[in-house]
Every structure is written in structure tokens, then in C-alpha cells.
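Everything on this sheet refers to the single structure shown next.
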Amino acid sequence: MKQGTQLFLCGTVTLWSSALVGIRLGLAGGYSPGSLALLRYLIASLLLIIPYSQLPQRTIPNWRDALRIILIGTIGIGLYNLMLNYGETVVPASIAGFIIGLMPVFTLFFAFLIIKESIPRKIWWGIFTSLGGLLLIAVNERGGFAFDKGLLCILAAAMCGSFYAVAQKKLLLRYHPLELVILSIWGGTLILCLYFPQMLHDLPQASAQGTLAAIYLGIFPGAVAYTLWNYALSRTHAGRASGYLYTMPLITALLGAIILQEYPEPLELFGGLITLAGAVYIHFAYKQMRSR
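Okay, structure coming up:
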């Protein structure tokens, strides 16, 4: 892998990791979960017009594809961010990062349900390991029912993200990856416009820190990171690039400690590392099986 590609991948995972910290700052700054998600993706949607216009070839979706893209955007962008934002009202950024790290586990289930991929027996070890780590996080609940509800919201976000990864596979046969990402983001933003009145209410009352966090989320983890990711994917294999994503929970935990002064309790951290270990095992087990 060329050094430039590695830099793009490192930049992408760092920006995506910082999103969980930025969400905490935006919520603390006076935005509701819905208005923060909408403001973030309105900014991202406007900026993504630039790379969309530079695509060498653009495909105009037929009505069936348009409905599929809107559905994928509604769940994978809109609902994902709503659940993540609601969860992070009570769940620290570092713990949210480890739970989002469960996405490869849920991706297996959706691949089994949607495109009928089988789950090899060997992979179940990774699944049970990740779920065991999640159980340790849940056992160490710190906020009573509020933390439980937040944990379920983050889990729901991970499921939405996994659905997004699987549901777009067939569309990728007809659309450029960056084109499909941009179209789905626009579809998700359209649904998030339901929170437009709430956003107008929050904007004048939010702190400067909260608004700057929302702008940062829209520009960097939104528009810039998706563009860098697709640029990197055009120069290396997806399997090799996806290995970088497993560093995200660790980067998020580090940024959360530095910026937010959030330090996970030992049992939470241990459970998060076990969850991450299970996801990494699944990744490399699949990679080994496909190389045979």
C-alpha cells in the first residue's frame, strides 16, 4: 500500500473517531439529538455537491433505485445518527466507540438475512466474544435506567450502520461508491429535515462551542472523511482498508480522555477491548477464509 493511501486511511479513521467526541460537545452545547444530526448533515450535504460534480460519470437513479437509496439513507444515515446522538446523551464517547465496533457482528446477521450469506462455525467464536464484552459493559452500568436506554440506542445505531453496509452491496454494481454514499447522505438528510423546526429553535440558544462542534461534524467526519475513504478505496483493497477501522474505538477513547476528560471505568474498558477483539477476530477469520 502506498504511503499516500495510508495517510488518507489514517486521516479517515481519525476524523470518524473524532465524530463521537464532537457529538458529545454538540449535545452539551445546547443541541437536541435531532437538530444536531440535521445541522451536521445539512452542512455535509452542501459540501458533498463538490465531489459529486467532479465524478467522471454519474448515474441517474430510476424510481426503484431512488426508493432504495432513500431507504438506505433513512436507516443508515438518518436513524443511525439519531440513535447515536440519543445514546451519547448518557453514554461516554469511548464506550459508544467500542459498541459501534460491534458493527461487523451485526453486518454478518444482515448479510445472512438480506443476501443469504452463511455464517461459518468458526466465526461464531468472534461473535460470542464481542457479545461477552458488551455484557461486561452493561453490567458496569453507571447511570441506572438512563444508561441502559443509552446503551440500547448505541446498539440500535450499530445495527443501522450494519444494515447500511449490507443493503448497498447490490447498488454498488451500478453506482460509483462515492456517488452512492453522497446520494444516501442526501436521502438521510431529507428525512432528518423533520427536525428543522427544532434546529431553528436550538440554533440561537446553543453555545458557540456547540455550533462549532456541529460545523466540524458536517465538514470533517462528514464530507471530508467520506471523500478520503473513497479516494483510498480506489487505490487499495476494501478488505485491507477496513482493517484500519478497528483502531477507531481506541482513537475515540484517547480523544475522549484528552478533550472531554472522560475516562471509562476499568470494567467498561475491559469489556470494550473484548468487544473489539471479537470484531477483529471476525475480520481476520473472514479474510483468511476468502484467501484460500
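This note's numbering applies: residue 224 is where the sequence shown begins, and numbers increase by one.
We put the beta carbon where it would ideally sit given N, CA and C, even for glycine.
Contacts around residue i, its chain only, beta-carbon distance under 7 Å, and the 5 residues preceding and following it disregarded
i, result
"Thr330", "Ser385, Ala388, Val389"
"Asn308", "Ile246, Leu250, Pro256, Leu259, Ala260"
"Leu468", "Val236"
"Gly253", "Asp425, Gln428, Ala429, Ser430, Gly433"
"Leu378", "Ile322"
Presumed contact (8 Å Cβ cut-off) between residue i and residue j, rounded CB distance
i, j, result
"Ala381", "Ile323", "5 Å"
"Thr498", "Ser353", "5 Å"
"Ala437", "Leu262", "5 Å"
"Thr228", "Thr459", "5 Å"
"Ala502", "Val328", "6 Å"
Burial state of residue i (16 or more Cβ within 10 Å)
i, result
"Pro489", "exposed"
"Arg397", "exposed"
"Val362", "exposed"
"Pro472", "buried"
"Ile300", "buried"
"Gln428", "exposed"
"Trp286", "exposed"
"Phe507", "exposed"
"Ser317", "buried"
"Gly494", "buried"
"Cys383", "buried"
"Trp517", "With the chain covering only 224 through 515, there is no way to say anything about residue 517."
"Cys416", "exposed"
"Pro315", "buried"
"Phe321", "buried"
"Leu290", "exposed"
Contacting residues, own chain, Cβ-Cβ under 8 Å from residue i (five flanking each side not counted)
i, result
"Pro444", "Leu238, Trp239, Ser241, Ala242, Gly245"
"Leu395", "Leu403"
"Leu278", "His399, Leu401, Glu402"
Other residues of its chain near residue i: CB distance less than 6 Å, five sequence neighbours each side excluded
i, result
"Tyr454", "Phe231"
"Tyr449", "Val404"
"Trp409", "Ser268"
"Ile293", "Gly410"
"Ile298", "Cys383, Phe386"
"Leu406", "Ile292"
Starting from the N-terminal side, write out each stretch of the alpha helix (DSSP H) that is 4 residues or longer and does not extend beyond the stretch 447 to 497.
Entirely contained in the stretch 447 to 497, the alpha helix (DSSP H) runs reaching 4 residues are, in chain order, 448 to 456, 461 to 465, 471 to 478.
Where in the stretch 317 to 403 do unbroken runs of the alpha helix (DSSP H), each at least 4 residues long, occur, reported from the N-terminal end onward?
Counting only runs of at least 4 residues, the stretch 317 to 403 fully encloses the following alpha helix (DSSP H) elements, listed from N- to C-terminal order: 326 to 337, 346 to 362, 367 to 390.
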